Structure formats: C-alpha cells, structure tokens
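Just so you know, we're using my numbering here: the sequence shown kicks off at 1351 and counts up by one. Virtual Cβ for every residue (Gly too), placed ideally from N, Cα, C. Every value quoted in this text rests on a predicted model; they were computed, and no experiment measured them.
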Amino acid sequence: MTATAASVPLTLAGTHDEVLSLSATAALAEFRAGTLAPSDLLRATVARIEAVNGDRVSGINAFTETMFETASAAAAAADDAYVLARRDGSHTPALLGIPVATKEKHGIAGHTLEQGLAACRGEIAESNHPVVDRVLAAGGIIHARTTSPEFSCATVTHSAAWGITRNPWNLAASPGGSSGGAGAALASGMTTLATASDIAGSTRVPAGFTGTVGYKAPFGRIPGMPPLAADWYRGDGPMARTVADTALLAGVMSGRHPLDHGSWGPHGIRPDAAQATGPEAVAGLRIGLDLTLGDYPVAPSIRANTERVARLLEAAGAEIVPVSLPWSTEQISRTIFAHFGHILGPAMAALTAGTEAQLAPYTRQFIADAAAAAANVSLPESLALDAAVQKDLAHAMSGIDALLTPTQAVEMLAADGNYLDGIDVTDAEGGVWHLGHYWEGHMTSPFNIANRCPVLAVPSGMSGVGVPTGVQIVGHPFDEGMVFRVGAAIEALGAGTP
1351 MTATAASVPL TLAGTHDEVL SLSATAALAE FRAGTLAPSD LLRATVARIE AVNGDRVSGI
1411 NAFTETMFET ASAAAAAADD AYVLARRDGS HTPALLGIPV ATKEKHGIAG HTLEQGLAAC
1471 RGEIAESNHP VVDRVLAAGG IIHARTTSPE FSCATVTHSA AWGITRNPWN LAASPGGSSG
1531 GAGAALASGM TTLATASDIA GSTRVPAGFT GTVGYKAPFG RIPGMPPLAA DWYRGDGPMA
1591 RTVADTALLA GVMSGRHPLD HGSWGPHGIR PDAAQATGPE AVAGLRIGLD LTLGDYPVAP
1651 SIRANTERVA RLLEAAGAEI VPVSLPWSTE QISRTIFAHF GHILGPAMAA LTAGTEAQLA
1711 PYTRQFIADA AAAAANVSLP ESLALDAAVQ KDLAHAMSGI DALLTPTQAV EMLAADGNYL
1771 DGIDVTDAEG GVWHLGHYWE GHMTSPFNIA NRCPVLAVPS GMSGVGVPTG VQIVGHPFDE
1831 GMVFRVGAAI EALGAGTP
C-alpha cells in the first residue's frame, strides 16, 4: 500500500492542521504571546496520532508507548506557566509545552527499556536517560516513545516486539533506522520534536528517508548512558522538521552531564547561536561536493537532487569545490564491522544469550558479522583502519568550510526487509551494483568513524519512488555552527521542498 506525497505531512481535514504545521520555534512564540496554549497543541497532536498512526501490521506504527494522560497534565501546567509569565515577565524554559517523542532506548524511570528484544522483555528503567532529563528540565512534554529495530542495530525499523514501522510518504517503504519511529512520527505530524541516536547513521538515515532534519553531534557533545556511551562511534541527538528546531533541541540536549564521563561543553547553547540563518549566510563559503564518497553507487534521483542543492548554494554565493574521497564501500564496511566486533557485537551477544532463536534475522546477522570481523581484525588494527578514514577526510576537507554529500545511496528500503543477502542499487549511469551488505546503501557511517565531525542531514527533494532524499553537511571537527549555517541556507533556498 502506498501513501501519496500529498497525504504527508499535516493534511488531515479539520482545524488541527494549522496548529500541527507549526515549528517548535513558532509554537513557542505563540505560547508566549498567548495566541496558542500548549494544551491546544497537545490535543491536536493526540488527535493526529489517533487518526493516522494505525496498527503494527499496516499502519505507520511509530510508537511503542503513548503517555497521553501524563502529557495532558504537563500541558495544563505549561498553560498556567505561560499565563504567569505574561503577567509578571518570568522566564520560561526552552521547550515549555512542546511535544517531544523520545526513542524507547532513551529510558524513562518506571517505564519499559526493552529495545525490542525478547531478552529485555519486561525490563523497567531505573532512571532517566540523560537526554530525557534534559528534555523534561526544559519543559518538553513527552507524549510518546518511538520504535526502533532490535537494539537499534538495523537501518530498517521492524521487530517481533513492536511490528513494522512504515514511511508515511510510502507505506511500502521503511522510514529507515534505527530511529525510524522518530522520523515517521515527525513526517506524519505526530510529534513536534523527537530524540534519536546514531552509531552508523541511525539519526541521518531516517531523516533522509522521511524528509526531516537530523543531527549527529561531535562525540560526547550530547551525553549518553554508560557503559556504551564510551563507544566513540555513537551519539544521541535531535530530530525535527526544521533546522532551527533541530538546533533548539540540540542546545537543550548538549553539554556536560555527570552520568557520562566523556560528555563535554556548555549546556543550553544552540549550535547555530552565532550564525546567520538565511541564504546570504553561505556567501563566500567554500563547500566541497562529493557525490559518491568513493565508489558508493548513488541512485540517479539522489545524485540529481544533491547536485541541485549544490547549484542553489552556488547561486547564493558559495563556491562549490569538487571533492573525491578515495574510499570504497568494502573499506568502510570492513572498518565499521571491525569496530563493532570489539564493542557493540559482544555486548549484544552477551545480552541476548539464550534467546538467539527469538532474534530478528538482521540481529543474528549483525552479531555474526561483528564476531567474524573481530576474529580477523584486532582492536589496534581496527584503530588503524579508523585513522586511515579520518586522514582521508581531513585531507579532502583541507581548504573548504564544509562538505556536502548524499545521505543515502538507495532510494528506499522495504518496510519489512531484512536484506540478508545485500542489496542491488542502480547508479546514475544505469549500472546495477550488488552491495554485499545493505548498510552500504547509506553514506553515513564514514562520519561515525570520523565522529568528532558534526553532521547535519537535511532534505534534498523526492526520489522516483515517492520517498524523500537527503544530503549531509559535514563540518570540521567540533565546528557545529558551520553545519547549521549551511543547513539553514539550504532550507531557506527551498532545496528540500518535495
């Protein structure tokens, strides 16, 4: 079954549409002015969920849990806080009254922390994840929790525990993964903001496939939950429908946290705070363009949309500099699985011991692939593979301000796909390539290897199969402001408008 592009987002008949189409920044302005109440936005959001989320078999199915009762109480309290603030000029927190859907792996004390796994069925979080603490402290209203694949280890979002999550733009397609529920919820108007995570593209892949915005911050900038927070490929992050909203949530989530020893930097500072946000902001910048990151076989519509984004930036005054990274999909795959083989794979194997028969096929394959990689590549050798990728990227970005590249090479993944035998991709010249691992259909994981680089994923248009496409803006290590500066310009230029 296929949803038409016209049905997404925010096209329900009725009075809720105008409210649901508001960005977080616009809604906050209306809250402060008294022209909209948080309860109004929450009621519209709940109505949208009840109307379009559907069931776990054929619906969008973006959520593992809804929390409407507690969210309604929080919204009523936010209503009162804005009345008081208008009366006495008191300060209101950064997200006060904004609906935020959190990924299920971002534990909430007293609620499930199952991560889609039979081995974790019935497990209850004893404390809040750091990003949950940050969202609640900023006044965000957590009204729902989003789906992911088992242990967030796939770029599709389906599991025996939670069913199939589908792309609102095309219900036969996956919204990507692992933060697929977040992307689907945002694209269909069922939340204003969402939390996500990213160890090989799990924020940027669903952003690309759902026409939303996702941010992979430099490692440690957004605190995680020990012990896997120490994995230098990973990170938690924000997703939203606009660049400004993504920056807003990034600022709330970022900064040192006592639970994560590797977290760093100030809290509450938006990464775009000192940057202009219009098209004029890119005038004079040198932006590198690499359409293939070596030999990724990029689908024609994705390549064309990426080139169109580059032309718009050039028309706005940026200098577009051709870049050719010397990578291969085989090299990147070997590098990331060597890493996973020494950290994530063993953690998953230990956690799921005794329940292997209940695992999804993609999870069993991930554990096996990671174990095989670890048997062939030692941890010191894995670090050397990382360093080679990082060196190539540093050389390619010398003399440019940011790098522009597609987010995905493939136009879509099937919503219920496992892709155990890899995936076929047709490139821009009409050649058909068989990729040995479906993860090679995404162009995100090189920047988890180079995980001190900030990366912002923004929409670039539509593919030929009715699924959005996206581009990534890659910055120099720790240069967060630059990627938001370029991303805001791309958005202002209308580059991602379907």
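Alpha carbon to alpha carbon, how far is Ile1491 from Ala1425? Give it in angstroms, no decimals.
In the sequence shown, the residue the question calls residue 1425 occupies position 75. In the sequence shown, the residue the question calls residue 1491 occupies position 141. If you take the alpha carbons of Ala1425 and Ile1491, they lie about 7 Å apart.
Using a Cβ-Cβ cut-off of 6 Å (strictly less than) and excluding sequence neighbours within five positions of Thr1416, which residues of its own chain qualify?
Sequence index remark: in the sequence shown, residue 1416 carries index 66 (1-based). Answer for Thr1416: Ala1494, listed in chain order.
Closest Cα partner of Gly1618 within the set Ser1422, Ala1800, Asp1483 and Gly1691
For the purposes of this step, residue 1618 is taken as residue 268 along the sequence shown, with counting starting at 1. With distances taken between Cα atoms, Gly1618 lies closest to Asp1483.
Using the three-state DSSP reduction, which class does Leu1360 fall into: helix, strand or coil?
As a first step, residue 1360 is located in the sequence shown; it is residue number 10 there, counting from the start. Here Leu1360 scores only 45 on pLDDT, less than 50, and its place in the model is too uncertain to base an answer on.
Work out the CA separation of Gly1384 and Ala1435 for me, nearest whole Å.
Along the sequence shown, one-based indexing puts residue 1435 at 85. Along the sequence shown, one-based indexing puts residue 1384 at 34. Those two C-alpha atoms are separated by around 10 Å.
With distances taken Cα to Cα, identify the nearest neighbour of Thr1542 among Asp1610, Val1727, Ala1510 and Val1369.
Taking the first residue of the sequence shown as 1, we reach residue 1542 at position 192. Among Asp1610, Val1727, Ala1510 and Val1369, the Cα nearest to that of Thr1542 is on Val1369.
Are the CB atoms of Thr1515 and Gly1530 nearer to each other than 7 Å?
Walking along the sequence shown from the start, residue 1515 turns up at place 165. Walking along the sequence shown from the start, residue 1530 turns up at place 180. Yes, these two residues count as a Cβ contact at 7 Å.
If you count every other CB in all the chains shown that lies within 10 Å of the CB of His1479, and 16 or more means buried, which is it?
Residue numbering aside, residue 1479 sits at position 129 when the sequence shown is read from its first letter. Flag for His1479 reads buried.
So is Leu1785 buried or exposed if we call it buried at 16+ other beta carbons inside 10 Å?
Translated into positions along the sequence shown, residue 1785 becomes position 435. Leu1785 should be labelled buried.
Return yes when the Cβ of Ser1678 is within less than 7 Å of the Cβ of Gly1644, no when it is not.
Sequence index remark: in the sequence shown, residue 1644 carries index 294 (1-based). Sequence index remark: in the sequence shown, residue 1678 carries index 328 (1-based). Going by C-beta atoms, Gly1644 is nearer than 7 Å to Ser1678.
Thinking Trp1519 and Ala1537 are a contact (beta carbons under 8 Å), I'd like their distance in whole angstroms, please.
The residue labelled residue 1519 in the question sits at position 169 within the sequence shown. The residue labelled residue 1537 in the question sits at position 187 within the sequence shown. Their Cβ separation, rounded to whole angstroms, is 7 Å, which keeps Trp1519 and Ala1537 in contact under 8 Å.
Whether Leu1467 touches Glu1500 by CB criterion (7 Å)
By one-based count along the sequence shown, residue 1467 stands at place 117. By one-based count along the sequence shown, residue 1500 stands at place 150. Yes.
Let's test the definition: count the other Cβ atoms within 10 Å of the Cβ of Asp1736 and tell me whether it reaches 16, buried, or not, exposed.
Taking the first residue of the sequence shown as 1, we reach residue 1736 at position 386. Classification for Asp1736: buried.
Based on the DSSP output, what are the partners of Ile1491 in its beta bridges?
For the purposes of this step, residue 1491 is taken as the residue at position 141 of the sequence shown. Answer is Pro1449.
What's the call for Leu1392, buried or exposed, on a 16-neighbour Cβ count within 10 Å?
The count along the sequence shown starts at 1 and reaches residue 1392 at position 42. Answer is buried; the Cβ neighbour count reaches 16.
Which word fits Glu1841, buried or exposed, when buried means at least 16 other C-beta atoms lie within 10 angstroms of its C-beta?
Taking the sequence shown and counting its residues from 1, the one referred to as residue 1841 is at position 491. Classification of Glu1841: buried, given that the 10 Å Cβ count is 16 or more.
Would you mind working out which of Phe1413, Leu1675, Glu1664 and Gly1615 sits nearest Gly1634, comparing C-alpha positions?
Residue 1634 sits at position 284 when you count from the first residue of the sequence shown. Answer by Cα proximity: Glu1664.
Can you tell me whether DSSP reads Thr1352 as helix, strand or coil?
On the sequence shown, residue 1352 is found 2 positions in, with the first residue counted as 1. Low per-residue confidence applies at Thr1352: pLDDT is 33, beneath 50, and the placement is therefore not dependable enough to give any value.
Cβ separation of Gln1740 and Ala1800, assumed to be a contact under 8 Å, to the nearest whole Å:
Counting from one through the sequence shown, the residue named residue 1740 turns up at place 390. Counting from one through the sequence shown, the residue named residue 1800 turns up at place 450. Sure, about 5 Å apart at Cβ, within 8 Å.
Assuming Gly1527 and Ser1552 form a contact by the criterion Cβ under 8 Å, report the distance between their Cβ atoms to the nearest whole angstrom.
Translated into the one-based positions of the sequence shown, residue 1527 becomes position 177. Translated into the one-based positions of the sequence shown, residue 1552 becomes position 202. Confirmed, Cβ separation roughly 6 Å.
C-beta contact flag for Asn1655 and Gly1791 at 7 Å
The residue labelled residue 1655 in the question sits at position 305 within the sequence shown. The residue labelled residue 1791 in the question sits at position 441 within the sequence shown. Cβ distance not < 7 Å, so Asn1655 and Gly1791 don't count as in contact.
Tell me which residue opens and which closes the beta strand (DSSP E) that Met1812 is part of.
Against the sequence shown, residue 1812 aligns to sequence position 462. That run of the beta strand (DSSP E) goes Val1805 to Met1812.
Excluding the 5 residues preceding and the 5 following Ala1451 in the sequence, name in chain order all residues of the same chain whose CB lies nearer than 6 Å to its CB.
Against the sequence shown, residue 1451 aligns to sequence position 101. Closer than 6 Å at the Cβ level, and outside the excluded window around Ala1451, lie Ala1494, Thr1496, Ala1535, Thr1541 and Ala1544.
Who are the Cβ neighbours of His1745 in its own chain at under 7 Å, not counting the five residues just before and after it?
Here residue 1745 corresponds to residue number 395 of the sequence shown, with the count starting at 1. So the list is empty, once near-sequence residues are dropped.
Let me confirm a value: His1611 is counted as buried when at least 16 other C-beta atoms fall within 10 Å, else exposed. Which label applies?
Reading the sequence shown from its first residue, position 261 is the one you call residue 1611. When all chains shown are included, His1611 counts as exposed.
Verify whether the separation of the beta carbon atoms of Ser1732 and His1787 is less than 7 Å.
Locating residue 1732 in the sequence shown gives position 382, where the first residue counts as 1. Locating residue 1787 in the sequence shown gives position 437, where the first residue counts as 1. Not closer than 7 Å, so no.
Counting only the same chain and skipping the five closest in sequence on each side, list residues whose C-beta sits under 8 Å from that of Val1817.
Reading the sequence shown from its first residue, position 467 is the one you call residue 1817. Cβ neighbours of Val1817 beyond the five flanking positions: Asn1517, Trp1519, Asn1520, Ala1523, Phe1559, Glu1761 and Met1762.
Please go through the stretch 1433-1486 and give each complete beta strand (DSSP E) segment of 3 or more residues, from N-terminal end onward.
1449-1453
If you draw a straight line from the alpha carbon of Ser1477 to that of Asp1586, how long is it in whole angstroms?
Within the sequence shown, residue 1477 is the residue found at index 127, counting from 1. Within the sequence shown, residue 1586 is the residue found at index 236, counting from 1. For Ser1477 and Asp1586, the distance between alpha carbons rounds to 17 Å.
Beta-carbon within less than 6 Å of Val1396's beta-carbon, same chain only, minus the 5 sequence neighbours each way: which residues are those?
If you number the sequence shown from 1, residue 1396 lands on position 46. Closer than 6 Å at the Cβ level, and outside the excluded window around Val1396, lie Phe1418.
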